[in-house]
Amino acid sequence: MLSGPVDAFLAERGFQRSGNDFERRRGPLRDRINLQNNWHNGVTRWHGFFVNVGVGSVEVDAACPGHEPALHPPRSLLLDRRWEALAPGAPYELRFDRGTDMASFADAVCADLGRTLSAIESIQSTRHLVEYAVENNLLIAYETTCCYLAATGDMDTLTRYVALLHRVFGDQERWAIFSRRISEAVGPRASALSARGLLTAGS
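Numbering (this note's numbering), first residue to last: 324 to 526.
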């Protein structure tokens, strides 16, 4: 299926394939479609996979180059979702077997991919991507988001985002871990966040 209609559909829209990953550039943005195999494949009569969707930015990557991979990867995806979150009605998991009409199956996959691409193409700049992360992400790539906002001096948005995280997780024991990671990601900007009571003392 990948070497047929789906591969061609994505190639026509600028994606290059590497294994089960499809990637393209849109200005500073990096779009990724990943087809994740179900780990039961090979022991069942059907073959299943999930569709993961991501958007990153080379401008975010460049602003946050120096941290250890354990804190955040050098190429983060600030939008990182399953396709059904972006294209309501798309199936959580796709399955086919020997009896599946593969032409119809591929057509349905391409139709849902089209709706998915329309959703991510509404994000047209790094600024828009970062705003998406602040408004929609909690713990997804929060270290990278904080790092970028600190590196670009956007303290208003950084404070708003960390305040949201603190409001949701601040009463939990693990907030000490999140607070420490945010402090490491934002560097000297941590003192301003601590002064507002948003980070744990000593983190």
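All C-beta atoms, glycine included, are put in the ideal place defined by N, C-alpha and C. Please read these numbers as outputs of a predicted model, since none were measured by experiment.
With distance defined between alpha-carbon atoms, name the residue in P351, T367 and G377 nearest to D357. Asp is not the amino acid found at residue 357; the sequence shown has Asn there. Residue G377 is the option with its Cα nearest to N357.
Starting from Q359, follow its DSSP beta bridges and name the residues at the other end. F373
With DSSP collapsed to three states, give me the class of V432. helix
What number of angstroms, rounded off, separates the C-alpha of Y484 from the C-alpha of V457? 6 angstroms
Measuring alpha carbon to alpha carbon, tell me which residue in D354, G327 and N343 is nearest G337. Among D354, G327 and N343, the Cα nearest to that of G337 belongs to D354.
For D435, is the classification buried or exposed, using 16 other Cβ atoms within 10 angstroms of its Cβ as the cut-off for buried? buried
Grab me the residues of F501's own chain with a C-beta within less than 8 angstroms of its C-beta, minus the 5 sequence neighbours each way, in chain order. Counting only Cβ-Cβ distances below 8 angstroms, and skipping sequence neighbours, we find L462, Y465, L488 and F492.
Taking 7 angstroms as the limit between beta carbons, can you name the residues of its chain near G510, skipping five residues before and five after? A473
Does DSSP classify F492 as helix, strand or coil? helix
To the nearest angstrom, how far is it from the Cα of W369 to the Cα of A413? 19 angstroms
Rounded to whole angstroms, what is the Cα-Cα separation between T475 and A386? Each residue's alpha carbon lies about 8 angstroms from the other.
Going by C-alpha to C-alpha distance, which of R497, S441 and G422 sits closest to A408? S441
Around the Cβ of V453, are there at least 16 other Cβ atoms within 10 angstroms (buried) or fewer (exposed)? buried
Verify whether the separation of the beta carbon atoms of L333 and G371 is less than 8 angstroms. For L333 and G371, no; Cβs fall outside 8 angstroms.
Buried or exposed (CB count within 10 angstroms, at least 16 for buried), S445: exposed
D330 - containing beta strand (DSSP E), residue span: Premise fails: D330 lies in the alpha helix (DSSP H), P328 to A334, not in any beta strand (DSSP E).
If you compare alpha carbons, which of D430, A426 and S448 is closest to L401? Closest option to L401, Cα to Cα, is S448.
Going straight from the alpha carbon of R504 to that of L522, what length do you get? 10 angstroms
Opening and closing residue of the alpha helix (DSSP H) in which L452 lies: Where L452 is concerned, the enclosing alpha helix (DSSP H) stretches over T449 to N459.
So what's S514 in DSSP terms, helix, strand or just coil? Under the three-state reduction of DSSP output, S514 falls in the helix class.
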